[in-house]
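Have a look at the structure below, then the notes.
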């Protein structure tokens, strides 16, 4: 085996120009694949982080009635007790409750439809990091009457600033229109333009008091200490609560659009990698066929003096694998160094900011790639090399030693 490996390695460098061309093509192909995957995975990770950290959490609880019709009156039965249980659960990092409703916000001369999110300031801060998104002003935990936080783009549309008053109008559970004046105490930014234009945050106690439903919530959000155990925890939580009127969901179920983007990026990664490997496979097949055809006479002599067909097959296989590994490892090392270099400054995608913001992506992406992906690519390159070597190796085995010896190349 060792001897065959040494022979295969020496055979590669019998024609250094051709071998270097093949290795260089492999390096470029794998480098491009690694870098594209790093950018793609970073966009994916940022999108998930944006959704989980700032909006959805790891799991959400609603009433089944609210899932069917998102109305203010469809609240969670026993919301206060459920929230307390989650807050005291050692597996839960943070939890909060929200009251959600559609409404209208109006300034002196402008108005807009909005989603009103009534939050508990201290719990929301720990669960979804809303406070870190503030671009100006103060948070909702200030001792002021009816404070509201709105998006920067919405503030520009309404032509209001910090300290200005706005009017919020929404429908109570009894179908009465409720109108109240709020004071803008802060503005926030979001990667998704739609959220910045249509979302406002008020205090939980303020909105539930106005709606005549103190302590009632439409949504409970929780984050876990160990997100990788989410599925197991959901099963346990459903048993503990044992309420058929509740919809207990993970973030993928609660945010199908975010799950769709995640699935789409994953599928695109597979497609890009597969295309690159197929192209590289054809290049390897072409090169190894040339090698076999050039060495017909040599292979015939080896078989004539007693070298078994299995050893001939193994020699061609080893040559292909070593050639592929040289290019594959070189490409991954170059990709790794490129990713580390680019990560410091990031890639500015502001040219595509309008399209990216619609999917929740930031303008500057810092590419990263998990070490396990390098391992997967290495295995994929080896498998591609093995499959690509079959046809040239079988072509070598099909020759007749006596005819091959007499053949003039």
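Numbering (this note's numbering), first residue to last: 1047 to 1455.
All C-beta atoms in this analysis are idealised placements derived from N, C-alpha and C, irrespective of residue type, glycine included.
Computed from a predicted structure; not experimentally measured.
Query                                                                                                                                                                 : Result
Tell me the DSSP secondary structure of residue 1468 in three-state form.                                                                                             : The shown model of the chain, from 1047 to 1455, leaves out residue 1468, and the question about it has no answer.
What would DSSP say about residue 1296, mapped onto helix, strand or coil?                                                                                            : strand
Quick one: give me the first and last residue of the beta strand (DSSP E) that residue 1245 is part of.                                                               : 1245–1249
Quick check on residue 1106: does DSSP put it in helix, strand or coil?                                                                                               : strand
Which stretch, first to last residue, makes up the beta strand (DSSP E) that contains residue 1190?                                                                   : Element bounds for residue 1190: n/a, residue is neither H nor E.
Between 1211, 1280, 1428, which lies nearest to residue 1231 when the distance is taken from Cα to Cα?                                                                : 1211
Check whether the segment 1369–1378 and the segment 1068–1081 are in contact - that is, three or more C-beta pairs closer than 8 Å.                                   : yes
Give the secondary structure of residue 1217 by DSSP, where H, G and I count as helix, E and B as strand, and everything else as coil.                                : strand
Between 1173, 1275, 1204, which has its C-alpha nearest residue 1233's C-alpha?                                                                                       : 1204
Helix, strand or coil for residue 1141, going by three-state DSSP, please let me know.                                                                                : strand
Which of helix, strand or coil does DSSP assign to residue 1435?                                                                                                      : helix
To the nearest angstrom, report how far apart residue 1214 and residue 1179 are at their CA atoms.                                                                    : 22 Å
Take every Cβ of the segment 1335–1350, pair it with every Cβ of the segment 1432–1445, and state whether three or more of those distances are shorter than 8 Å.      : yes
For residue 1301, which residues of its own chain have a beta-carbon under 8 Å away from its beta-carbon, when the five flanking residues on both sides are left out? : 1097, 1101, 1102
Cβ atoms of residue 1385 and residue 1084: under 8 Å apart, would you say?                                                                                            : yes
For residue 1248, which residues in the same chain have their Cβ closer than 6 Å to its Cβ, ignoring the five residues on either side in sequence?                    : 1164, 1194
Keeping to the same chain, check which residues put their C-beta closer than 8 Å to that of residue 1183; ignore five residues upstream and five downstream.          : 1195, 1208, 1230, 1231, 1232, 1233
Quick check on residue 1416: buried or exposed, where buried means 16 or more other Cβ atoms within 10 Å of its Cβ?                                                   : exposed
For the alpha helix (DSSP H) that contains residue 1164, what are its first and last residues?                                                                        : No alpha helix (DSSP H) holds residue 1164; the beta strand (DSSP E) holding it covers 1157–1165.
Run the CB neighbour count on residue 1313, radius 10 Å, all protein chains shown included, and call it buried at 16 or more, exposed below.                          : exposed
Select from 1345, 1187, 1320 the residue whose C-alpha is nearest the C-alpha of residue 1444.                                                                        : 1345
Helix, strand or coil, according to DSSP, for residue 1373 in the structure here?                                                                                     : helix
Should residue 1057 go down as buried or exposed, given a rule of 16 or more other Cβ atoms within 10 Å for buried?                                                   : buried
Which two residues bound the contiguous alpha helix (DSSP H) that contains residue 1305?                                                                              : 1302–1340
Out of 1047, 1049, 1067, 1288, which one is the CA nearest neighbour of residue 1334?                                                                                 : 1067
With three or more beta-carbon pairs closer than 8 Å as the criterion, would you say the segment 1168–1176 touches the segment 1293–1312?                             : no
With a cut-off of 8 Å, do at least 3 Cβ pairs link the segment 1143–1159 to the segment 1282–1295?                                                                    : no
Since residue 1130 and residue 1146 should fall inside the 8 Å C-beta cutoff, what is the C-beta to C-beta distance between them, to a whole number of angstroms?     : With a Cβ gap of about 20 Å, residue 1130 and residue 1146 do not count as contacting.
Along the chain, where does the alpha helix (DSSP H) that runs through residue 1229 open and close?                                                                   : Counting along the chain, residue 1229 falls outside any alpha helix (DSSP H), though it belongs to the beta strand (DSSP E) covering 1223–1234.
First and last residue of the beta strand (DSSP E) that includes residue 1269?                                                                                        : 1265–1270
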